[in-house]
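Listed in order, the protein sequences are those of chains X and H.
Be aware that the first sequence starts at 127, since it is given in this note's numbering, and climbs by one per residue.
Be aware that the second sequence starts at 127, since it is given in this note's numbering, and climbs by one per residue.
We put the beta carbon where it would ideally sit given N, CA and C, even for glycine.
Number of protein chains: 2
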Amino acid sequence: MNQIASVYIATSLDGFIAREDGDLDWLTAANKSVPEDEDCGFYAFMKTVDALIMGRKTFEKVLSFGKWPYGDKPVIVLSRNKLEIPENLSRIVSWSSESPQELSNRLAKKGAKRLYIDGGITIQRFLSAGLVKDLTITVIPVILGRGRPLFGDVKHDISLRHIVTKAYDFGFVQSTYEVEDNA
Amino acid sequence: MNQIASVYIATSLDGFIAREDGDLDWLTAANKSVPEDEDCGFYAFMKTVDALIMGRKTFEKVLSFGKWPYGDKPVIVLSRNKLEIPENLSRIVSWSSESPQELSNRLAKKGAKRLYIDGGITIQRFLSAGLVKDLTITVIPVILGRGRPLFGDVKHDISLRHIVTKAYDFGFVQSTYEVEDNA
């Protein structure tokens with residue numbers, strides 16, 4: 127399948143993507159030290175993305191931002207239960223309860239070459255299914271102690287190939303890895 | 127107190143320092159791709175260390191290596207219960223059930239300026255006690271899914287200052303942080 131699924135996410139040094147209640151206050155606070163014209167490669171990454179896949183919790187968090195950050199890219203929200211999509215997003219956001227493999231296959235047939243996988247549980251499901259090709263993780267210099275972890279259990283070790291690391295003046299460290307087992 | 131406590135440790139990308147049973151096979155395997163003359167700064171770091179502090183599990187792991195890796199640096203092993211120290215190490219290894227603060231104070235009076243804190247639980251105890259000054263973490267490009275985590279819960283966020291990151295050709299990424307709250 128000529129399709130790439132990518133992770134692009136920020137974590138605390140101890141590997142959390144949000145507090146237990148989903149709060150991103152620590153990330154918002156850290157972002158205050160980031161120059162306005164610096165997006166840590168997000169725009170360049172997004173240009174390569176054909177569709178986004180995220181879980182319900184992440185979707186609801188993104189909605190709470192007020193401003194929709196993904197332009198008119200198709201977004202598929204994974205949820206067991208049917209989801210209400212706000213009217214103004216109904217053209218670009220859709221709900222699915224497909225498995226990662228089913229969804230990837232369907233999107234591949236529609237020509238989606240690069241998928242952006244977002245949200246802890248969704249990332250873990252795609253990783254476990256062997257569908258993630260690369261991960262770009264931006265480590266924020268803070269230890270939270272508890273929260274929602276980026277990674278969960280996996281059936282066997284996942285070997286990675288380190289591609290590049292960039293340390294920013296404001297203390298963020300961004301590393302990109304490719305999954306080795308998973309050509 | 128004119129004393130620095132430092133962490134210098136390797137973790138998987140998902141933040142584990144050992145498998146659940148303490149096994150370091152993944153680290154041993156990764157080290158096979160490291161050139162023989164490359165120690166990722168360990169020797170230079172060790173030259174600045176006056177004493178090592180570790181927990182019982184880490185001590186027993188180190189004993190299992192066969193070769194004692196710390197020369198004649200004083201090593202204090204923290205354990206609630208009294209520990210048998212092998213005869214050949216009795217001059218340099220001692221057992222203590224002191225709290226991190228008590229031990230730090232005692233060693234400071236003896237002139238120990240830099241302490242090397244090792245092992246997950248011991249690191250977590252020193253972090254929680256606000257005694258860790260800097261952390262050097264070498265991220266190995268593998269996801270384990272489960273194991274003994276480097277970090278545990280903390281009472282409040284610990285803000286860090288990123289000092290330096292080095293990405294090695296063989297895929298290890300080593301970052302040094304200083305704890306901000308903790309001058």
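- Not a single C-beta of chain H is nearer than 8 Å to the C-beta of X/Y134.
- Annotation for X/K173: the continuous alpha helix (DSSP H) segment containing it runs F168 to K173.
- Residue X/P200 holds the alpha-carbon nearest to the alpha-carbon of X/V219 among X/Y294, X/P200 and X/L261.
- At least 8 Å separates the CB of X/D147 from every CB of chain H.
- In the three-state reduction of the DSSP assignment, H/I211 falls in the coil class, being assigned neither a helical nor a strand state.
- At a cut-off of 8 Å between beta-carbon atoms, X/R274 makes no contact with chain H.
- Counting only residues of its own chain and dropping the five nearest sequence neighbours on each side, H/A238 has a CB closer than 6 Å to the CB of D176 and A177.
- Beyond the five residues adjoining it in sequence on each side, X/F277 comes within less than 6 Å, by CB distance, of no other residue in the same chain.
- In the structure shown, H/I263 falls within a strand segment according to DSSP collapsed to helix, strand and coil.
- Separation of the CB atoms of X/P212 and X/L257 is rounded to 28 Å, and the pair is thereby denied contact status at 8 Å.
- In this chain, the beta strand (DSSP E) harbouring H/K292 covers I284 to A293.
- Beta bridge pairing from DSSP links H/V133 with H/I243 and H/L261.
- In this structure, X/D140 places its C-beta atom within 8 Å of the C-beta atom of X/L270.
- Comparing C-alpha distances from X/I143 to each of X/Y169, X/Q250 and X/N128 shows the shortest one belongs to X/Q250.
- For X/P195, the secondary structure class from DSSP, reduced to helix, strand or coil, is coil.
- In the DSSP annotation of this structure, the continuous segment of the alpha helix (DSSP H) that includes H/L153 starts and ends at D151 to N157.
- Ranking X/E224, X/S222, X/G167 and X/A234 by CA distance to the CA of X/A136 puts X/G167 first.
- At a cut-off of 8 Å between C-beta atoms, H/F277 counts as an interface residue with respect to chain X.
- Within chain H, the residues placing a beta-carbon under 7 Å from that of X/L270 are D283, ordered along the chain.
- At a cut-off of 8 Å, the C-beta of X/D140 has a neighbouring C-beta in chain H.
- Taking H/D151 as reference, the option from X/N231, X/D283 and X/T264 with the minimal CA-CA separation is X/D283.
- The contact set of H/L286 on chain X, defined by CB atoms closer than 8 Å, consists of L139, P267, V268, I269 and G297 in chain order.
- The shortest C-alpha to C-alpha distance from X/E164 to any of X/V305, X/Y303 and X/D295 is the one to X/D295.
- Under a 10 Å Cβ-count criterion, H/Y303 is classified as buried, with 16 or more other Cβ atoms of the shown protein chains found around its own Cβ.
- Between H/S301 and chain X, the shortest Cβ-Cβ separation is below 8 Å.
- Each of H/A234, H/D244, H/T291 and H/Y196 was checked against the Cα of X/P267, and the nearest Cα belongs to H/T291.
- DSSP links H/E304 through a beta bridge to H/D260 and H/R287.
- Distance from H/G297 to H/P275 at the Cβ level is roughly 21 Å; contact not present, criterion being Cβ atoms closer than 8 Å.
- Contact annotation: in the region 145-176 of chain X, residues whose CB is within less than 8 Å of a CB in chain H are W152.
- Non-local beta-carbon contacts of H/T184 in its own chain, meaning distances under 6 Å to residues more than five positions away in sequence, involve D244 and G245 in chain order.
- Counting along the chain, the unbroken alpha helix (DSSP H) around X/A234 starts and ends at P226 to K235.
- If you draw a straight line from the Cα of H/N207 to the Cα of H/A255, it is about 21 Å long.
- Contacts between H/A293 and chain X, judged by CB atoms closer than 7 Å, involve H288 and T291 in chain order.
- Counting only the Cα atoms, H/K235 lies some 45 Å from X/D279.
- Neighbours of H/V280 in chain X, taken as residues at a C-beta separation under 7 Å, are given in chain order as I269 and G271.
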